[in-house]
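Chemist: Quick note on the working numbering: the sequence shown kicks off at 63 and runs consecutively. After the structure tokens below, expect a handful of questions from me.
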Amino acid sequence: MATNIFRKRLNVLLVLLTLGVGFASTYVAHAAGETPDKGERSKHDRRHEQVGTWFCSGVTTPANGQQRPYYGMFKNEWALDGSWLLIHFEELQSPTGTPLIEDQYWGFDAATNKHSRTLMANDGSHAAVRSQGWNKDQLPWSGTFTAGETTFEYQETTVRHSANRYRWYGSVTGQSMTVVSYDITCNRSK
């Protein structure tokens, strides 16, 4: 039973990782005065596109292969004097009965055009992921996800479909097997 609870929580957390990466559209927060004045932004730093509220849905597939629907909401804003994008996630329909809440800090290094995210959830799990940057409308991420004493490999790709719609898909693996995979689409709230 503890294994099932662990896997359910892991599935939820992995979906959150996916959603947190992209929450983007071409919404220009700068025009709304929500983007810090850091001079002209690099074309490689699209974090300003993430500011706002997003509703997400999709599927997760745990190791047993039984697909489950997934629903969540993100509220993203600038933090720490505009140096980091704070991504706040709340699960809307929890498969475990306890909604997951997660905060992520997304940073960008202008000297290298590389991205980093640190994620922390209300169940004690955490992750650290990195990206080499955008390749057209795709942003690949990789890193580690830790739940309890177990650390897993994490791979994800964020795909921009339009100004108000993004897709995230990826997987978490450990001990030569896929623990969970996911495919999520998020739409900007009107």
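Each residue gets a CB set at the ideal place from its N, CA and C atoms; glycine is no exception. What you are looking at is a predicted structure, and each value in this text was computed from that prediction instead of being measured.
#1: Using alpha carbons as the reference points, say which of 176, 138 and 230 lies closest to residue 165.
#2: If you follow the beta strand (DSSP E) that residue 138 is part of, which residue opens it and which one closes it?
#3: Looking only at its chain, what residues have a beta carbon closer than 6 Å to the beta carbon of residue 133, apart from the 5 residues adjacent to it on each side?
#4: What are the start and end residues of the beta strand (DSSP E) that includes residue 145?
#5: So if DSSP puts residue 178 in a beta bridge, which residue, or which two residues, is it bridged to?
#6: Tell me whether the beta-carbon of residue 167 lies closer than 8 Å to the beta-carbon of residue 158.
#7: Hey, could you find the ends of the beta strand (DSSP E) residue 223 is sitting in?
#8: Pull up the distance between the alpha-carbon of residue 169 and that of residue 224, whole angstroms please.
#9: Locate the beta strand (DSSP E) running through residue 245, then write down its first and last residues.
#10: Going straight from the alpha carbon of residue 151 to that of residue 135, what length do you get?
#11: Under a Cβ-count criterion, where at least 16 other Cβ atoms within 10 Å of its own Cβ denotes burial, should residue 111 be classed as buried or exposed?
#12: For residue 109, name the three-state secondary structure that DSSP assigns.
#13: Going along the chain, which residues of its own chain have a beta-carbon closer than 7 Å to the beta-carbon of residue 238, five neighbours each way excluded?
#14: Identify, in the order they occur along the chain, each residue of the same chain with its Cβ nearer than 6 Å to the Cβ of residue 215, setting aside the five sequence neighbours on each side.
#15: Which value, in whole angstroms, describes the spacing of the CA atoms of residue 199 and residue 245?
Modeler: In short:
#1: For the purposes of this step, residue 165 is taken as residue 103 along the sequence shown, with counting starting at 1. Nearest option by C-alpha distance: 138.
#2: Stepping through the sequence shown from its first residue, residue 138 is reached at position 76. Here the beta strand (DSSP E) through residue 138 covers 130-141.
#3: Residue 133 sits at position 71 when you count from the first residue of the sequence shown. Cβ within range, chain order: 119, 154 and 155.
#4: By 1-based counting over the sequence shown, the position of residue 145 is 83. Note, residue 145: premise wrong, no beta strand (DSSP E); not H, not E.
#5: Stepping through the sequence shown from its first residue, residue 178 is reached at position 116. 169 and 192, per the DSSP bridge assignment.
#6: Along the sequence shown, one-based indexing puts residue 167 at 105. Along the sequence shown, one-based indexing puts residue 158 at 96. No.
#7: Within the sequence shown, residue 223 is the residue found at index 161, counting from 1. Residues 212-224.
#8: For the purposes of this step, residue 169 is taken as residue 107 along the sequence shown, with counting starting at 1. For the purposes of this step, residue 224 is taken as residue 162 along the sequence shown, with counting starting at 1. Cα to Cα, residue 169 sits roughly 23 Å from residue 224.
#9: Translated into the one-based positions of the sequence shown, residue 245 becomes position 183. Where residue 245 is concerned, the enclosing beta strand (DSSP E) stretches over 239-250.
#10: As a position in the sequence shown, residue 151 is number 89, starting the count at 1. As a position in the sequence shown, residue 135 is number 73, starting the count at 1. Spanning the two alpha carbons is a distance of roughly 6 Å.
#11: By 1-based counting over the sequence shown, the position of residue 111 is 49. Looking at its Cβ environment, which holds 16 or more other Cβ atoms inside 10 Å, residue 111 is buried.
#12: Locating residue 109 in the sequence shown gives position 47, counting from the first residue. Helix at residue 109.
#13: Working through the sequence shown from its first residue, we reach residue 238 at position 176. Around residue 238: no qualifying Cβ.
#14: Indexing the sequence shown from 1 puts residue 215 at position 153. Excluding positions up to five away in sequence, the list reads 235.
#15: If you number the sequence shown from 1, residue 199 lands on position 137. If you number the sequence shown from 1, residue 245 lands on position 183. So the alpha carbons of these two residues sit roughly 17 Å apart.
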